[in-house]
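Engineer: Protein chains in written order, with my numbering: chain A, 1 to 470; chain B, 471 to 535.
C-beta atoms are modelled at their ideal positions from N, C-alpha and C, and glycine is treated no differently.
Owing to the predicted nature of the structure, the values given are computational and were not obtained by experimental measurement.
1) Check each candidate in A:445, A:465, A:348 and name the one with the smallest Cα separation from residue 513 of chain B.
2) Using CA atoms only, rank isn't needed, just tell me which of A:345, A:364, A:125 is closest to residue 506 of chain B.
3) Can you round the beta-carbon distance between residue 490 of chain B and residue 480 of chain B to whole angstroms, since I take them to be within the 8 Å contact cut?
4) With DSSP collapsed to three states, give me the class of residue 466 of chain A.
5) Any idea if residue 468 of chain A is buried or exposed, counting beta-carbon neighbours within 10 angstroms, 16 or more meaning buried?
6) When the Cα of residue 209 of chain A is compared with those of A:438, A:372, A:418, which residue comes out closest?
7) Could you tell me which residues DSSP pairs with residue 448 of chain A in its beta bridges?
8) Find the residues of chain B that neighbour residue 214 of chain A, judging by a C-beta separation of less than 9 Å, and give them in chain order.
9) With three or more C-beta pairs closer than 8 Å as the rule, is the segment 153 to 164 of chain A touching the segment 435 to 455 of chain A?
10) Run through DSSP, which three-state label would residue 206 of chain A get?
11) Taking Cβ-Cβ distances shorter than 7 Å, what residues in chain B pair up with residue 328 of chain A?
12) What are the boundary residues of the alpha helix (DSSP H) that includes residue 27 of chain A?
13) At a CB-CB cut-off below 8 Å, which residues of chain A make contact with residue 521 of chain B?
14) What is the rounded straight-line gap between the Cα of residue 293 of chain A and the Cα of residue 454 of chain A?
15) According to DSSP, is residue 190 of chain A part of a helix, a strand, or is it coil?
16) Does DSSP classify residue 150 of chain A as helix, strand or coil?
17) Which two residues bound the contiguous beta strand (DSSP E) that contains residue 8 of chain A?
18) Below 9 Å between beta carbons: does that hold for residue 157 of chain A and residue 124 of chain A?
19) Chain B beta carbons: is any one of them nearer than 9 Å to that of residue 444 of chain A?
20) What would DSSP say about residue 258 of chain A, mapped onto helix, strand or coil?
21) Using a Cβ-Cβ cut-off of less than 7 Å, give me the residues of the segment 329 to 346 of chain A that come near chain B, in sequence order.
22) Residues in its own chain within less than 8 Å of residue 371 of chain A by CB, not counting five upstream and five downstream?
23) Do residue 109 of chain A and residue 140 of chain A have their C-beta atoms within less than 9 Å of each other?
24) Closer than 9 Å, Cβ to any Cβ of chain B: which residues of the segment 297 to 325 of chain A, in chain order?
25) Going by alpha carbons, who is nearest to residue 239 of chain A out of A:261, A:458, A:255, A:203?
26) Would a check of beta-carbon distances place residue 71 of chain A closer than 9 Å to chain B?
27) Buried or exposed: which applies to residue 40 of chain A, given that a residue is buried once 16 or more other Cβ atoms fall within 10 Å of its Cβ?
28) Hey, residue 135 of chain A and residue 127 of chain A are a contact pair by Cβ (cut 8 Å); roughly how many whole angstroms apart?
29) Looking at the structure shown, is residue 392 of chain A part of a helix, part of a strand, or coil, going by DSSP?
30) Could you have a look at residue 405 of chain A and say whether DSSP puts it in helix, strand or coil?
31) Output the residue ranges of the beta strand (DSSP E) runs that lie fully inside the segment 104 to 169 of chain A and measure 3 residues or longer, sorted by chain position.
32) Which residues in the same chain have their Cβ closer than 7 Å to the Cβ of residue 36 of chain A, if we skip the five residues on either side of it in sequence?
33) Could you round the C-beta distance between residue 42 of chain A and residue 151 of chain A to whole angstroms and report it? I think they count as a contact, below 8 Å.
34) Take residue 101 of chain A as the anchor and find which of A:334, A:88, A:71 has the nearest alpha-carbon.
35) Counting only Cβ pairs nearer than 7 Å, list the residues of chain A close to residue 481 of chain B.
Printed below as a string of structure tokens:
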């Protein structure tokens, strides 16, 4: 082995195992060695299942020897956000309440990845019940950013962001209800795909807000996200919101040029009050896209503040409804911030909630009209790079909600509209923290985002940079 | 549309079977108030026949596949 397997991309490692350049055991050992090195610094894993992973790797290698291997990811070790039900396994959802919850079913997304041949390394940390954008968790401690462990990872897919960035897993499932894939992708310097609402089945994924929840991957490149999306997308009888029809060839899309495409830059909101370094990186990203032949034009969007408000109303009510029984029976078992945010949902009248739901169609139609002449948009994923753990540890203080809303103000409108968005590493601050840009597409047009993201990554190396353990 | 007051929030929480203290009600009012204000321009303006499922129709109309 001349190359450390754990440093390879998902696509490359899957091919290397299939072609017997190295074994599934060697790939798994490589990940486990990095996990042992990084876990004490990052707190990225909820559970590490080394012995089981190695046994599964040996079985995968045996299947290859017998010629019975099947699946595009045969023998590839992965770990996922600890909210995907896996029958017979504890799925904590980052909570005290579900600390001992053993799933009796397996989520559709996870099952499809298993059918492709993946093996399980363990489970990844997350914000309690996926309700927090920072990576803090009052029960299990914060996850630390591999680029600077004094800084947050973003959440709620905090362990997924940190583990992919530090090359502890080749990719990881996250979930995105208000920015929970794109925030950690941005803060940790990895590629994260928030899929269109309905693109991937939510069955067996812990719910937070049934109207906003989406399943998606965090990985090292757009190419890797395309591979994973192609395996997971499609209709599912267990989730009536998962759309049918043919699944596009996402991998093929990543090989296409972006010459002649039209990419919109919002004239306002997403470019307002940016940290200067985020603004600089946005400009540099636009320059790269132009060099690759894209036409970058300004677009005037409808009032995004109304979308963020509507998203907050829908999310707060639906989360409170899911949690109502535990709010009555076990309020003391929530962390202070999550309890506070769940209580917010009690204060919203049913009429207001339904108005926010009724407005989704017209709001999406207005957005579609505004972007009709572009193939996709580009905008920062967040206005700042990763804050420190100390400065973002606001708990349930009076300013907590405003801190949360500021961090997620560029992601929530997209959740409300149900649109796909790909966060790609686009640069670094002078202090060495990554910054991501989100590509925002039309409903169900993930292929366009993956095409643009892959084109950007062919001529930049931000996604290939690996943090060093101090 | 105005943001709910702590007193109103306390009453709503009681009705929901999840009573909150006066202090928590004040914190909730502070947290959720901006969402009410942000949505105020939309609230009360939607046409009679509009229902939430219109979102799915608009979404499907934009599906490139």
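Structural biologist: By the coordinates alone:
1) A:348
2) A:345
3) 6 Å
4) coil
5) exposed
6) A:418
7) According to DSSP, which records beta bridges pairwise, residue 448 of chain A is partnered with nothing at all.
8) By Cβ distance, chain B contributes nothing, its closest Cβ being about 13 Å from residue 214 of chain A, past 9 Å.
9) No, because fewer than three Cβ pairs between the segment 435 to 455 of chain A and the segment 153 to 164 of chain A fall closer than 8 Å, the two stretches do not touch.
10) coil
11) 487, 488
12) 24 to 42
13) Ordered by position in chain A, the residues that pass the 8 Å Cβ test against residue 521 of chain B are 358.
14) Between residue 293 of chain A and residue 454 of chain A, the C-alpha separation is close to 14 Å.
15) coil
16) strand
17) It is not in any beta strand (DSSP E) - residue 8 of chain A carries neither H nor E in the DSSP assignment.
18) yes
19) yes
20) coil
21) Cβ contacts with chain B come from 340, 343, 344, 346.
22) 264, 299, 301, 377, 442
23) no
24) 303, 305, 306, 307, 308, 309, 310, 311, 312, 313, 316, 320, 324
25) A:203
26) For residue 71 of chain A, the answer is no, since every Cβ of chain B falls outside 9 Å of its Cβ.
27) exposed
28) 7 Å
29) In the structure shown, residue 392 of chain A sits in a helix (DSSP, three-state: H, G or I).
30) Three-state result, residue 405 of chain A: helix.
31) 119 to 124, 148 to 152
32) none
33) No, residue 42 of chain A and residue 151 of chain A are not in contact; Cβ-Cβ is about 12 Å, not under 8 Å.
34) When C-alpha distances from residue 101 of chain A are compared across A:334, A:88, A:71, the shortest belongs to A:88.
35) What residue 481 of chain B touches in chain A: nothing, since even the nearest Cβ is about 10 Å away.
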